[in-house]
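Letter by letter, the sequence shown follows residues 298 to 566 in this note's numbering.
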Amino acid sequence: MKRIHEYKRQHLNVLHVIALYNRLRNGTGGDASPRTVIFGGKAAPGYDMAKRIVKLVNAVAEVVNADPDTSRLLKVVFFPDFNVKTAQSIYPAADLSEQISTAGKEASGTGNMKFSLNGALTIGTLDGANVEIREAVGEEHFFCFGLAAEEVLRRKAEGYRPREFYERDAELREALDLIASGGFSRGDRALFQPLVRSLLERDEYMVLADFPGYAACQAEVSRTWRDPERWTRMSILNVARMGRFSSDRAIQEYCREIWRVEPVPVELG
Numbered sequence: 298m299k300r301i302h303e304y305k306r307q308h309l310n311v312l313h314v315i316a317l318y319n320r321l322r323n324g325t326g327g328d329a330s331p332r333t334v335i336f337g338g339k340a341a342p343g344y345d346m347a348k349r350i351v352k353l354v355n356a357v358a359e360v361v362n363a364d365p366d367t368s369r370l371l372k373v374v375f376f377p378d379f380n381v382k383t384a385q386s387i388y389p390a391a392d393l394s395e396q397i398s399t400a401g402k403e404a405s406g407t408g409n410m411k412f413s414l415n416g417a418l419t420i421g422t423l424d425g426a427n428v429e430i431r432e433a434v435g436e437e438h439f440f441c442f443g444l445a446a447e448e449v450l451r452r453k454a455e456g457y458r459p460r461e462f463y464e465r466d467a468e469l470r471e472a473l474d475l476i477a478s479g480g481f482s483r484g485d486r487a488l489f490q491p492l493v494r495s496l497l498e499r500d501e502y503m504v505l506a507d508f509p510g511y512a513a514c515q516a517e518v519s520r521t522w523r524d525p526e527r528w529t530r531m532s533i534l535n536v537a538r539m540g541r542f543s544s545d546r547a548i549q550e551y552c553r554e555i556w557r558v559e560p561v562p563v564e565l566g
């Protein structure tokens, strides 16, 4: 099960979806690649902001999917009751794996391994197991963006001001303003106000700082998708180079380095 959490930054993905939607509506989408963006996960019962993120995903889906001018090129889905069993249908079907947590916050991560083992390419930060996956499959086969963990710490120490990114990035500003205006909540400006205010005033997980790099990296994803031969080659190499993440290798290392146990020969017959 994937948790809905601010550090995992599912709302960064939502902001990009809104930016894509606005481009299509404004006629500035160019040669846009068709996308179906699938979200899945669960929010803790007492985690108000995580539940607002889930609500925002579904609210954006309601608007985007019903718009006849854009729905041919952009769809948004929130997969209900995402768990280990239902994930077996999602991992093999995915083309792109979104592993976009704030650098330095993810202890490991296994969902990214499952996606990559099933041929999905990864867009992600240098966080958790993304670092090892990128090393395994090759930098040229991984869509990397965002601040490194050291940069996150430095920017916070220097005094991070998220509103500066809002003011200088027109697409980001338009997306946040549309949320704040009630554009995805049937005119209710209060529903998502805590989320918008948190991003503009505090933004603990550097969503706004990483948005420009994320949007640029997503543009590279679209360019790559329009080259089927290149995309297919990258996908095959992702699978072929992910052997080190197999359970056999993990168990062997546990036996050798942690449990200090030796194989026991078994005679058959």
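Virtual Cβ for every residue (Gly too), placed ideally from N, Cα, C. Being a predicted model, the structure only gives us computed values, none of them experimental.
Fill in: Unbroken beta strand (DSSP E) run spanning K645, endpoints
A question about residue 645 goes unanswered here, because the residues of the chain that appear run from 298 up to 566.
Worksheet item: Which value, in whole angstroms, describes the spacing of the CA atoms of N264 and S368?
Response: For the chain, the structure presents residues 298 to 566; residue 264 sits outside this window and is missing.
Fill in: C-alpha gap between I387 and G566, whole angstroms
I387 and G566 have their C-alpha atoms some 43 Å from each other.
Fill in: Whole-Å CB distance - V361 paired with Y304, under 8 Å assumed
Rounded, the Cβ-Cβ distance is 25 Å, inconsistent with contact.
Worksheet entry | Terminal residues of the alpha helix (DSSP H) in which E437 lies | That residue, E437, is in no alpha helix (DSSP H); it is neither H nor E in DSSP.
Worksheet item: Cα-Cα, which of D366, R452, Y463 is closest to G324?
Response: When each option's Cα is compared against that of G324, the closest is D366.
Worksheet item: Measuring CA to CA, which of I420, R541, Y457 is closest to D500?
Response: The candidate whose alpha carbon is nearest that of D500 is Y457.
Worksheet entry | First through last residue of the alpha helix (DSSP H) which encompasses V558 | Looking at the DSSP string, V558 is not in any alpha helix (DSSP H), and its letter there is neither H nor E.
Fill in: Nearest-angstrom Cα separation, counted from N427 out to N409
Between the alpha carbons of N409 and N427 lies a distance of about 7 Å.
Fill in: Helix, strand or coil at G510 according to DSSP, with G and I counted as helix
In the three-state reduction of the DSSP assignment, G510 falls in the helix class.
Worksheet item: What are the start and end residues of each continuous beta strand (DSSP E) run of 3 or more residues lying completely inside the segment 321-349, in chain order?
Response: Secondary structure within the segment 321-349: the beta strand (DSSP E) runs of 3 or more consecutive residues, fully enclosed, are 332-337 (chain order).
Worksheet item: Given that a residue counts as buried once 16 or more other Cβ atoms are within 10 Å of its Cβ, and exposed if not, what is A400?
Response: By the 10 Å Cβ count, A400 comes out buried.
Discussion item. Per DSSP, what are the beta-bridge partners of G566 in this structure?
Written reply: As far as DSSP is concerned, G566 takes part in no beta bridge.
Worksheet item: Would you report the Cα separation of F336 and Q307, rounded to the nearest angstrom?
Response: Approximately 8 Å, taken between the alpha carbons.
Worksheet item: Between which two residues does the beta strand (DSSP E) harbouring I420 extend?
Response: From DSSP, the beta strand (DSSP E) with I420 extends over 418-421.
Item to complete: Compare the beta carbon distance of L309 and L469 with 8 Å and say whether it is the shorter of the two.
Response: No.
Discussion item. Could you check whether I420 and L393 sit closer than 8 Å to each other, using their CB atoms as the reference points?
Written reply: Contact flag set, yes.
Worksheet item: How many angstroms separate the CA atom of C552 from the CA atom of V558?
Response: One alpha carbon belongs to C552, the other to V558, and they sit about 5 Å apart.
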